[in-house]
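Taken in order, the sequence shown gives residues 2 to 126; the numbers are from my numbering.
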Amino acid sequence: MRKPRQDEQKYSLLKFQEKPPSLTKQMPRLLSKQQITESRYKNNLLQRKLIENNVAIYKSMSAFVKNFITSSSKQLLNTDQQLMKSQVTMQSALCSLKSSQENMKQLHEKNKYIFTTNFLPNINL
2 MRKPRQDEQK YSLLKFQEKP PSLTKQMPRL LSKQQITESR YKNNLLQRKL IENNVAIYKS
62 MSAFVKNFIT SSSKQLLNTD QQLMKSQVTM QSALCSLKSS QENMKQLHEK NKYIFTTNFL
122 PNINL
């Protein structure tokens with residue numbers, strides 16, 4: 002392996018003593034999106050109006066979608082509650098119908114018994 006020359010050693014030492022260029026500069030200030038947009042298009046009235054209209058359209062569409070979803074979810078909730086009430090009513094009706102069916106069976110058995118028995122005794126003449 003060859004030995005570095007003296008001027009190469011000086012250069013390498015100077016290289017490590019210097020600060021990297023990124024640290025010597027100040028960090029740029031962070032800007033908001035609105036500030037960036039304003040600075041980019043501040044001289045162009047048409048661009049500013051276009052951006053304002055786009056923002057207005059975005060806000061109105063967002064509000065429309067939010068209202069639509071809110072009203073739809075309320076309607077679904079009301080429909081679900083009505084279906085639950087209907088289900089309870091139908092279960093109650095089912096219980097009543099089963100009870101009525103049992104009562105009808107008992108009535109049928111009693112009628113069958115009544116019609117098959119002899120009320121009048123046999124009369125011989």
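Think of the CB as a built atom: it goes at the ideal place given N, C-alpha and C, for glycine as much as any other residue.
For clarity, every value in this text was computed on a predicted model and none was experimentally measured.
Coil, strand or helix - residue i by DSSP
i      : result
Thr117 : helix
Ser97  : helix
Asn125 : coil
Ser33  : coil
Thr25  : Note that Thr25 has pLDDT 49, beneath the 50 cutoff, so the model's placement of it is unreliable and no number is given.
Phe65  : helix
Asn112 : helix
Asn104 : helix
Asn45  : coil
Residues of its chain near residue i, where Cβ-Cβ distance is below 6 Å and the 5 sequence neighbours each way are ignored
i      : result
Phe111 : The sequence shown places Lys at residue 111, not Phe. Closer than 6 Å at the Cβ level, and outside the excluded window around Lys111, lies no residue.
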